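Participant: With the first letter of the sequence shown counted as 1, position 150 gets the number 150 in full-length UniProt numbering; the numbers rise by one all the way through.
Glycine included, each C-beta is placed from N, C-alpha and C at the ideal position.
Keep in mind the model is a prediction, meaning the values are calculated, not measured.
Have a look at this one.
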Amino acid sequence: MTDASPPSGSVNGPPADRNPFFRHVSRVVDRFGDLLPFLVVPLFTTLLEFDAVRRAVTGAGRGFSIEFNFQFPSPLLDLWTFTDPPEPAPELGSPGTDGGGFGDSLGSPPAGSGPEPGGDIVTVDPPHQAGSVPLESLGLEFFGLMLAILVGHALVYSVVSAIYLGGIDRRLRNEPVAVVDCVRSYAGRFLAYFAVIFGAFLLAIPILLVQPLFALLAIPAVLVAMYLFYGVPFLFVAADASVLEAFRNSYRLGLAGGSYLRFGLWHFAVVLVVSPVVSFAVTSGGAVGFLFGSVVVVPLSLLLAAATVSFFDELVDRDPNAFDEGAGTAHP
């Protein structure tokens, strides 16, 4: 944790008994001019998903989908946090390759594959859909390629997250961004954080392969884990916490509830409410819908990320000893 002044507004800002989510959103809105350069980050991560961009801009006239997405605070939000455009509908008479998704009705196209020409589809997308490609048809080369892609993505996103959250934290504290220092200080921790998430996913694969219905049972467990540990990446920059301490303190804050719970639930609600509107626009509007969704989501993503950084800055500044290495408690 830096020894610099606390974030602007932490002393003379809105009263501390206000809803923590709206208090920090208001604080960030007041400082949004200082954060404008960071708009490039959610825009960059949106454009980096080439396949999702392709599906969005070529989707005009195929109908629409409405998605309700679940998301606690996360280091990198972008357009694809709020929508996942389906593939264009296949030609009439062509066999489908998608095995279907949760909530498909009899006689309807698979969820995420688009409706027949002239029809509309409304979908509620769960956090997981089981794939239909048999493992035996995939060779070692495929898995090697996928591993290389995942490692590359993890490296890129670790550096971007370090600059993004670290830079936001510094600007809220009226410090220069210091890109190199952010990368040196935080990129390794973010890489470890993404490795933990990927490792947990890999551990779950054998269970889901044995019984895909376990995916539905796993949804509540995933949501609980998302809640308990959403603070981890933000504690890297707000408390200068190690990976282990960030997980430990985030877990303690989650169990304690309080402002940590209230902030997380309001963030969850905002994504849940905005995602149907954005998904409808993006999946029905083609290039225009993609542009509209980006204009809405890019500044919203920055606002949510910066408000979360501000929230954890306040938690740490209020009781820095609770977040020191080896501290026994972390108060909400």
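1. Taking the continuous alpha helix (DSSP H) assigned at F82, which residues delimit it?
2. Rounded to whole angstroms, what is the Cα-Cα separation between H267 and S161?
3. I'd like to check one pair, V237 with Y186: are the Cβ atoms closer than 9 Å?
4. Applying the criterion that 16 or more other CB atoms from any shown protein chain within 10 Å of the CB defines a buried residue, is L235 buried or exposed?
5. How many angstroms separate the CA atom of R62 from the CA atom of G254?
6. Measuring CB to CB, does P42 end up less than 9 Å from V297?
7. According to DSSP, is R55 part of a helix, a strand, or is it coil?
8. Would you check if the distance between the CB atom of F312 and the CB atom of F21 is smaller than 9 Å?
9. How long is the line joining the alpha carbons of D84 and L223, rounded to whole angstroms?
10. Taking contact to mean at least 3 C-beta pairs separated by less than 8 Å, is the stretch 211-223 in contact with the stretch 167-185?
11. On the criterion of 16 or more Cβ atoms from any shown chain inside 10 Å, does S94 qualify as buried, or is it exposed?
12. Taking the alpha carbon of P299 as the reference point, which residue from R18, F72, F64, V28 has its own alpha carbon closest?
13. Determine the direct distance from the alpha carbon of A204 to that of G167, and round the result to whole angstroms.
14. Within 10 angstroms of the Cβ of N321, are there 16 or more other Cβ atoms? Answer buried if so, exposed if not.
15. Tell me which residue opens and which closes the alpha helix (DSSP H) that Y157 is part of.
16. Look up L304 in the DSSP assignment and say whether it is helix, strand or coil.
17. By DSSP, does residue 343 sit in helix, in strand, or in coil?
18. For R27, which three-state DSSP category applies?
Facilitator: According to the structure shown:
1. 79-82
2. If you take the alpha carbons of H267 and S161, they lie about 19 Å apart.
3. Yes. Within cutoff.
4. Around the beta-carbon of L235, 16 or more other beta-carbon atoms lie within 10 Å, marking it buried.
5. 42 Å
6. yes
7. DSSP places R55 in helix when its eight states are reduced to three.
8. no
9. C-alpha separation (whole angstroms): 19 Å.
10. no
11. Caution applies to S94, whose pLDDT of 46 falls short of 50 and renders its modelled position unreliable; the value that the coordinates give is listed next. With fewer than 16 other Cβ atoms inside 10 Å of its own Cβ, S94 counts as exposed.
12. It is V28.
13. 34 Å
14. exposed
15. 140-172
16. helix
17. Any question about residue 343 goes unanswered here, given that the chain covers just 1 to 332.
18. helix
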